[in-house]
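Below is one structure, written out as structure tokens; the observations come after it.
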Amino acid sequence: MTVEDLLEPVSADAPAGEDLSYDAERQRIEEAFEVASLAADVSEAVDWRETIALIEAQSRRTKDVWLAVYLARAGTRTGSLEIVETGCAMLAGLFDRYWDSVHPTLDEYGIQGRKGPCESLTRIAEFLGPLQRTVLLTHPRLGSYSGDDFARFARDGDAAEGYGLFRAALNDTPLDVLETVLGRLDQIESSLRQADAILTREAAAADETGTNFAPTFEVLSAIRRAVAPHAGVEVEAVADRMEEPAGDIEAPSSKGAAVGRVDSREDVMRALDAISDYYQRREPSSPIPVALRRVRGWIGLDFMAIIKDIAPNSVADAGTVLLTRVEEDGATNW
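So this is what it looks like as structure tokens:
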């Protein structure tokens with residue numbers, strides 16, 4: 001389906017259709033991503049073509065931000081930058097055309113209902129890691145190469161393993177193939193910046209903040225910088241382009257924390273996601289990702305809530321101990 005097909009109103013009376021969050025098809029879509037988060041070999045664990053078909057089918061019945069995000073994420077799982085581009089364009093289109101009625105609705109979920117889906121496009125495990133591993137160049141005899149591969153060869157040069165085959169594949173590939181890749185990366189970024197600007201504007205009007213897309217823009221920029229020289233584009237031109245403002249709206253999300261620095265809970269979650277992503281790729285049998293997922297769920301909880309999650313039956317005892325300590329301290333101070 002084209003972007004316009006995906007953005008077609010459901011009906012004249014209800015352009016955004018019904019809320020299908022609990023529909024059986026939606027559950028199947030969500031289950032695919034849940035399985036993918038646990039499986040070592042995602043390609044074999046999930047039928048992504050079927051999942052994409054379900055997303056497209058449900059988009060005819062409802063306009064939902066989650067469907068656009070799921071489509072973009074599914075594109076990375078199938079190795080299709082085109083599908084990623086379509087999903088991101090769909091997200092921007094939903095915000096632009098259906099802001100007042102798109103699901104999750106503002107009346108029921110507020111800005112957070114729109115912000116939540118966008119957050120997953122800034123996380124390593126859910127989107128950025130798979131995006132970096134999305135195949136950008138395929139040669140029938142000389143292999144397939146992802147954004148990660150382009151970055152590795154740009155960093156290590158001819159000392160990198162497989163560099164000779166990579167160069168041979170490039171030499172046997174028409175230039176317009178890489179030009180198309182750059183065009184898709186540009187369009188993905190443009191769509192996300194449009195969505196970011198709308199979300200930031202509407203969030204500010206409600207005295208809230210939008211999603212911090214800075215990590216996503218950084219990854220897109222890194223992939224583009226690695227690919228551009230092989231498409232005849234000067235690296236300086238790429239750098240100049242990335243310094244251009246996103247638009248008339250000065251979005252807080254464009255400022256982000258310094259790379260490697262943790263300044264917010266969102267940064268903590270991304271760091272945990274990055275660690276989990278490493279273990280799922282490099283040490284799939286490790287129990288650490290399971291533990292980290294639990295720790296991630298504690299972010300934002302207070303001490304007693306965490307105790308309750310760890311050992312529900314010990315909450316009363318912990319409360320008694322803490323209360324006694326407070327009373328003793330109070331008596332001493334008195």
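When we follow this note's numbering, the leftmost residue of the sequence shown carries the number 1, and every step to the right adds one. Just so you know, even glycine gets a beta-carbon here, dropped at the ideal spot from N, CA and C. For clarity, every value in this text was computed on a predicted model and none was experimentally measured.
Contact check, E335 vs R184, beta carbons under 8 angstroms: Here the chain covers residues 1 to 334 and nothing more, so residue 335 does not appear.
Through-space distance from T216 to Y145, alpha-carbon basis: Residue mapping note: residue 145 aligns to position 145 of the sequence shown, counting from 1. Residue mapping note: residue 216 aligns to position 216 of the sequence shown, counting from 1. Cα-Cα distance, rounded: 20 angstroms.
Every unbroken alpha helix (DSSP H) within the region 85–121, with a cutoff of 4 residues, ordered by chain: 106–119
Any 3 or more C-beta pairs closer than 8 angstroms across the region 42–62 and the region 23–30: yes
Sub-8 angstroms separation of C88 and S191 beta-carbons: Translated into the one-based positions of the sequence shown, residue 88 becomes position 88. Translated into the one-based positions of the sequence shown, residue 191 becomes position 191. Cβ atoms of C88 and S191: closer than 8 angstroms.
Range of the contiguous beta strand (DSSP E) that encloses V233: Position 233 of the sequence shown, counting from 1, holds the residue named residue 233. Per DSSP, V233 belongs to no beta strand (DSSP E) and is neither H nor E.
T173 (DSSP reduced to helix, strand or coil): In the sequence shown, counting from the first residue as 1, residue 173 sits at position 173. Three-state result, T173: coil.
Backbone CA spacing between E179 and A14 [nearest angstrom]: Residue numbering aside, residue 179 sits at position 179 when the sequence shown is read from its first letter. Residue numbering aside, residue 14 sits at position 14 when the sequence shown is read from its first letter. Cα-Cα distance, rounded: 40 angstroms.
Residue range of the unbroken alpha helix (DSSP H) whose run includes G147: Taking the first residue of the sequence shown as 1, we reach residue 147 at position 147. Segment G147 to D156, the alpha helix (DSSP H) holding G147.
Beta-carbon proximity of A226 to G162, cut-off 8 angstroms: Against the sequence shown, residue 226 aligns to sequence position 226. Against the sequence shown, residue 162 aligns to sequence position 162. No, the pair does not count as a contact, with Cβ atoms beyond the cut-off.
Rounded distance between the beta-carbons of V69 and L38, thought under 8 angstroms: By one-based count along the sequence shown, residue 38 stands at place 38. By one-based count along the sequence shown, residue 69 stands at place 69. Not a contact, Cβ separation roughly 19 angstroms.
Candidates K63, E208, M269 and G164, of which the one nearest D5 by Cα: Counting from 1 along the sequence shown, the entry for residue 5 is found at position 5. Measuring from the Cα of D5, the nearest candidate turns out to be K63.
CB of A45 within 8 angstroms of CB of A36, strictly: Against the sequence shown, residue 45 aligns to sequence position 45. Against the sequence shown, residue 36 aligns to sequence position 36. Their beta carbons are under 8 angstroms apart, which means A45 touches A36 by this criterion.
Rounded straight-line distance, which links the Cα of R141 to that of A257: Looking up residue 257 in the sequence shown gives position 257. Looking up residue 141 in the sequence shown gives position 141. Here A257 scores only 40 on pLDDT, less than 50, and its place in the model should not be relied on; the value that follows carries that caveat. Taking the straight line joining both Cα atoms gives about 42 angstroms.
Inter-residue Cα distance where the pair is S286 and R296: The residue you call residue 286 lines up with position 286 of the sequence shown. The residue you call residue 296 lines up with position 296 of the sequence shown. Cα to Cα, the separation comes out at about 17 angstroms.
Classification of A205 by the beta-carbon crowding that lies within 10 angstroms, buried from 16 upward: Here residue 205 is taken as the residue at index 205 of the sequence shown, counted from 1. Classification of A205: exposed, given that the 10 Å Cβ count is below 16.
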